[in-house]
Structures are given as C-alpha cells and as structure tokens.
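Everything on this sheet refers to the single structure shown next.
Chains as they are written, first to last, in my numbering: chain C, 435 to 608; chain X, 435 to 608.
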C-alpha cells in the first residue's frame, strides 16, 4: 500500500482504544512480566509509546517541514519510560497516551499535508535521508509492532502452561 | 505463570473488544489484504476465531469433562472460515465473535472448575494426552497469537512505505 493520510490516521487513532481494551484493569502479572532481562513488559511498552508521542513523531514532522534536511532529528531515547513511568498506574499511562495521541493527530490534520509536503525530505541521524511520508508510515508500523510485542510478551507467560500445544503456537517461539 | 481461571478469563473476555477497537470500520484494504498466497487477512482471522468458539475450546473442554481420554477431540478445521465468512461484513463477524465468546465464558464459569477438574486428561488426535488446564491455557495464547498475526499482516502493507526505517522494524521481517 502507498501511504495516505486517511488510512494511516485510521490506524493511529485506534491504537489507544486497542491498548485500553487489551490492558486496562488486567491482573498485574500480565502487565509487569517481561520476556527476561533487558526486555519490556506491556507496562513498559505503553510508557515507550507515550515518550514517542512527546518526542518522536510530530516533533520530527515539524523539523522536516521547518528545516528539511538542514537539521537532523534529535535521537530518540528508546528507554526513557523506565524513569518517566515510575509510580504511574497502567490506567494513568493509557489515559496519557490517548490524550497525547489525540492532540498529535489534531496537529497532523492541521498541517494539511499535500503530496508535495509528504515528499519533503529530512535528515535522520543514523538512517540519512528520509521523507515525511516515510516518517508517518513508520509511526503506523511502530504502533502495530508494539501491539504485537505486548501480546507476544503476555503469551509467553503461558509458555509452559500450554503443554504439548506449544508445538502449534508460533508466537511462543518468536 | 501457572494457569488460573480468573487471569485467563481476564484475557479471553477482552479479546472481542480489542479486535473491535482495532478493526471495526477500518478502511477495507487494511482488512482484506494478506501476506501473500495461502495467508490470512485480518478479516480471515476473525472468521477463524469464530470457528474456534463454535467447534474448538468449549466443545473440547466438554469432551474432557464427559469422556476423559476415552474420546479423542474432533480435528479442528483451520480454514473453515473461508466458506463460513462469505459475504459477511467485518462488523457482523466482530459481533458474532463477541456474542459467542461471551456465551462460551458463561459456559466456562458454569463448569465451576476445581484444580482436580483442571488436571483432567483428554486425548488430542495428534498431540496425545493433554489436560483441561493446557487446553484453556492454549485458548488464551491462541487469542494473543491471532492478535499478533492481525497487526503483523497490517504492518506489512507498509513494508515499502517506511523506506529506510524498515531496518528498525522487526515486525516487517516476521
């Protein structure tokens, strides 16, 4: 599929409700267990998504629109949430994510992005030249990738519990 | 984690709302595109989950409770939905899934499963001896695995659109 604003927003606008349905009020073990040392729990992932709303997607889109390739993006801190999420409940994190996402989608719509603007180029500190279209496509896939991560982490808590069915459940081997 | 009824039901009861938030009213290309020949679209996956509610989890639990190891499960038809879902909208499929899941969870609660009953053994036509506890754990992981499949299939529609970011998006390589 080619990137287009409307179908992309259709995904981006649904992610907070999807995570809310999946995670709110879930018994704590499902929320805080991870896949082992240096891996993330569902709770950690929601914090990471919040940090992305604050520092990654729309801020980078603005850098492309205002500075093009002349100013590189700030590097994204992938683990900032370990500090920022401290002492917050999953409900608070889900509310914050939903609010920030709604604000960012309003900002996105206000940009009135034309095909020409979507082709505008920016400078990624590691990847080099990227377009606004690619940045916004990545926002969508980043959401989906973290939903997949959350359900994978949850499923692994039952890796032993499923007994011989493990042979049929590829999610347990990822 | 050990299997326990309450945390398992916490997941099983949320899956219809999760899929509803993710998929209802989504632009059609996200719903019907798959990963290539012989692969499933998100639409196909919801049909498969419906078929599981009808023929797999609770029916098999009843076979274990009533017949133990003396009667093997009926083999599960993994692709029945290609016929059964025909001409139904995604909204209809989501409604059907939510209704069947709610009914099945009521049946599960009515079984009043004790630890002894959860240890009861059944006979899987391919895997051999399995327990009711393993069957119900597998129901949970099966849900999560298909949520992961749906978001993976959707993300792949943007495999090219993300440009150089593809290097950071492991979901595109699964």
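Each residue gets a CB set at the ideal place from its N, CA and C atoms; glycine is no exception.
Note that this is a predicted model, so its numbers are computed, not measured.
Taken atom to atom, the span from the alpha-carbon of residue 575 of chain X to that of residue 603 of chain C is near 8 Å. With 16 or more neighbouring CB atoms inside 10 Å of its own CB, residue 580 of chain X falls in the buried class.
Inter-residue distance for residue 567 of chain X and residue 503 of chain C is about 57 Å (C-alpha atoms, whole angstroms).
Secondary structure of residue 563 of chain C (DSSP, three-state): strand. Residue 475 of chain X is outside the set of residues whose beta carbon lies under 7 Å from a beta carbon in chain C. For residue 502 of chain C, the secondary structure class from DSSP, reduced to helix, strand or coil, is helix. For residue 486 of chain X, the enclosing alpha helix (DSSP H) begins and ends at 476-489. The DSSP-derived three-state label of residue 555 of chain C is strand.
Flagged as an interface residue toward chain C: residue 437 of chain X, by a C-beta distance shorter than 7 Å. Taking a contact as a CB-CB distance under 8 Å, the pair residue 435 of chain C and residue 592 of chain X counts as one, their CB atoms being some 6 Å apart.
When secondary structure is reduced to three states using DSSP, residue 603 of chain C falls in the coil class, being assigned neither helix nor strand. Listed in chain order, the positions of the segment 579-592 of chain C with a beta carbon within less than 7 Å of a beta carbon of chain X are 579, 581, 582, 585, 586, 588, 589, 591 and 592. When C-beta atoms of the segment 452-468 of chain X are compared with those of the segment 489-497 of chain X, fewer than three pairs fall below 8 Å, so the two segments do not count as touching.
For residue 552 of chain X, no Cβ of chain C is located within less than 7 Å of the residue's own Cβ.
Residues of chain C with a Cβ closer than 8 Å to the Cβ of residue 461 of chain X are, in chain order, 440, 441 and 444. Between residue 556 of chain X and residue 498 of chain X, the C-beta spacing is below 7 Å. Going by DSSP, residue 512 of chain C is part of no alpha helix (DSSP H) at all; its letter is neither H nor E. Look at the segment 496-510 of chain C: it has no residue with a C-beta under 8 Å from a C-beta of chain X.
As the crow flies, the alpha-carbon of residue 470 of chain C is around 19 Å from that of residue 514 of chain C. Sequence-ordered contacts of the segment 520-532 of chain X with chain C are nonexistent [C-beta pairs closer than 9 Å]. Going by beta carbons, residue 455 of chain X and residue 452 of chain C fall inside the 7 Å limit. Between residue 448 of chain C and chain X, the shortest Cβ-Cβ separation is below 7 Å.
Residue burial is scored here from C-beta neighbours: residue 550 of chain C has fewer than 16 other C-beta atoms within 10 angstroms and is therefore classed as exposed. Here the alpha carbons of residue 484 of chain C and residue 509 of chain C stand approximately 16 Å from one another. Proximity of the segment 464-482 of chain X to the segment 519-536 of chain X meets the contact definition, three or more beta-carbon pairs being nearer than 8 Å. Scanning the segment 438-480 of chain C from its first residue to its last, the whole alpha helix (DSSP H) runs of 4-plus residues come out as 439-446, 449-457 and 462-466.
The segment 511-546 of chain X is shown to contain whole alpha helix (DSSP H) runs of 4 or more residues at 515-518 and 524-544, in chain order.
The beta carbon of residue 538 of chain X sits closer than 7 Å to the beta carbons of 487, 491 and 492 from its chain, once the five residues preceding and following it are set aside; these are given in chain order. Within chain X, the residues 598 have their CB atoms less than 9 Å from the CB of residue 562 of chain C, given in chain order.
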